[in-house]
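Protein chains in written order, with our numbering: chain A, 107 to 231; chain B, 107 to 231; chain C, 107 to 231.
Beta carbons are placed, not taken as given, at the ideal position from N, Cα and C, and that holds for glycine.
To start, the structure under review is shown below, and the notes come after it.
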């Protein structure tokens, strides 16, 4: 099995609703977004998935969240912007363009800081 | 599948018994402790497992090992304090409080330095 | 399940053949090589696999690629030196000596820079 990983960053504000102590105050993070695709075999050119194209898609997603209030981002409003839900949102944003490309699964990790992340990993349809 | 990760550090002494070259001398490391829980679904508040509570449990474990001789820590005496056994000890220390919380598995990585770790990962009962 | 991880670095040149934009120019990276072995149980001495021996094998592999043009390395010539193919080459270089040691699988990650890696992971025979 092969995998390819790319990372990007974005800086954004958010706050949690509920019994989350100081996380209920509006604050923010320098988020690190790590994205991994997996598949069984390489193409004739020696790639699982072109890293340049992959990196472009992940950078575009990070840019769309940069210097934003996550609680106002379409697709995140109405849900608590926990790292888990941000990971789910990023997973759902990236997955549609990754189908039909000989990839088996997609993992997205959203780091709030160097000591904390949440991730979603699921098979690609 | 979702996962949540938290990390902490502790500085401790140890030595190995057996044919381990310089590792048989009393020495020490700035250990990095990485802990990951995994589960299938999020709760209504958008969390897999509250990161604040999780981080507190991992920090408490790290504090209990900080500035200690691992070879004298209850639960580690009698076993060689390899990174593998320290990972096992940390896994067994954390697992009991993680049962019945909709979590499927627990992984613990014990880094002796930025180029070496050992880990244990197993399903939660 | 237990795992042991070691990392090493090498600095090497390469270029890709095909429609890869600037990557078709001869360039290079400070590669980071991460290697993980996994197995179900520890030996009586508390190790899955002796980290000193493991680290030596990985350092030897990294040294054999250091300050080289990867496109001229035996085992890589004729294939595009994508990170995926370098990971495959490293996997195939390390796997033969890891058989019959109670290890189940081997993973090799080849980082081209801190934001990009490719990996191969497969069971050990």
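Would you decide whether residue 131 of chain B is buried or exposed? Buried here means 16 or more other CB atoms lie within 10 Å of its CB.
Its Cβ having fewer than 16 others within 10 Å, residue 131 of chain B is exposed.
Contained beta strand (DSSP E) runs [length at least 3] in the stretch 182-228 of chain A, N- to C-terminal order:
211-219
How far does the alpha helix (DSSP H) with residue 164 of chain A in it extend, from its first residue to its last?
Residue 164 of chain A: member of the alpha helix (DSSP H) spanning 157-171, first to last residue.
Pick helix, strand or coil for residue 146 of chain C, following the three-state DSSP scheme.
coil
Would residue 210 of chain C pass as a contact of residue 163 of chain C if the rule is Cβ separation under 8 Å?
no
State yes or no: is the beta carbon of residue 79 of chain B nearer than 8 Å to at least one beta carbon in chain C?
The first residue shown for chain B is 107 and the last is 231, placing residue 79 of chain B beyond what the model contains.
For residue 212 of chain C versus residue 195 of chain C, is the C-beta spacing smaller than 8 Å?
no
Report all residues from its chain with a CB closer than 6 Å to the CB of residue 140 of chain C; omit the five preceding and five following residues, and keep chain order.
113, 215
Is it right to say residue 120 of chain C is buried, meaning 16 or more other beta carbons lie within 10 angstroms of its own, or is it exposed?
Using a 10 angstroms sphere on the CB of residue 120 of chain C, the tally of other CB atoms reaches 16 or more, which defines it as buried.
So is residue 226 of chain A in contact with chain B if we call contact Cβ pairs under 8 Å?
yes
Could you tell me whether any Cβ in chain A is nearer than 8 Å to the Cβ of residue 154 of chain B?
Put simply, the CB of residue 154 of chain B is near chain A, with a gap under 8 Å to one of its CB atoms.
Can you confirm whether residue 148 of chain A, when its beta carbon is compared against all beta carbons of chain C, has any partner nearer than 8 Å?
yes
So, helix, strand or coil for residue 139 of chain C, using DSSP?
strand
So, do the stretch 183-192 of chain B and the stretch 147-161 of chain C have three or more beta carbon pairs nearer to each other than 8 Å?
yes
Spatially closest choice to residue 110 of chain B from B:123, B:144, B:126, by CA coordinates
B:144
Assign residue 173 of chain B to one of two classes, buried (16 or more other C-beta atoms within 10 Å of its C-beta) or exposed (fewer than that).
Answer is exposed; the Cβ neighbour count stays below 16.
Through-space distance from residue 126 of chain A to residue 185 of chain A, alpha-carbon basis:
Rounded to the nearest whole angstrom, the C-alpha separation of residue 185 of chain A and residue 126 of chain A is 15 Å.
Can you list, in chain order, the residues of its chain with a C-beta nearer than 8 Å to that of residue 108 of chain A? Leave out the 5 residues immediately preceding and following it.
144, 145, 146, 147, 148, 154
So, is residue 135 of chain C buried or exposed, given that buried needs 16 or more other C-beta atoms within 10 angstroms?
So residue 135 of chain C counts as buried.
Whole angstroms is fine: what's the gap from residue 201 of chain A's alpha carbon to residue 198 of chain C's?
31 Å
Chain A within 8 Å of residue 164 of chain C, Cβ atoms only:
no
Less than 8 Å between CB atoms is the rule here; does residue 116 of chain B satisfy it with respect to chain C?
no
Does the Cβ of residue 218 of chain C have 16 or more other Cβ atoms within 10 Å, making it buried, or fewer, making it exposed?
The C-beta of residue 218 of chain C has 16 or more other C-beta atoms within 10 Å across all chains shown, which makes the residue buried.
C-beta neighbour in chain C for residue 136 of chain B, strict 8 Å:
no
Under the three-state DSSP convention, the category residue 127 of chain C falls into:
Residue 127 of chain C falls in the helix class under three-state DSSP.
In this structure, does DSSP put residue 175 of chain B in helix, strand or coil?
strand
Pop quiz: residue 115 of chain B and residue 137 of chain B are said to be a contact at Cβ under 8 Å. What is the actual Cβ separation, rounded to whole angstroms?
6 Å
What residue range does the beta strand (DSSP E) around residue 115 of chain A cover?
108-120
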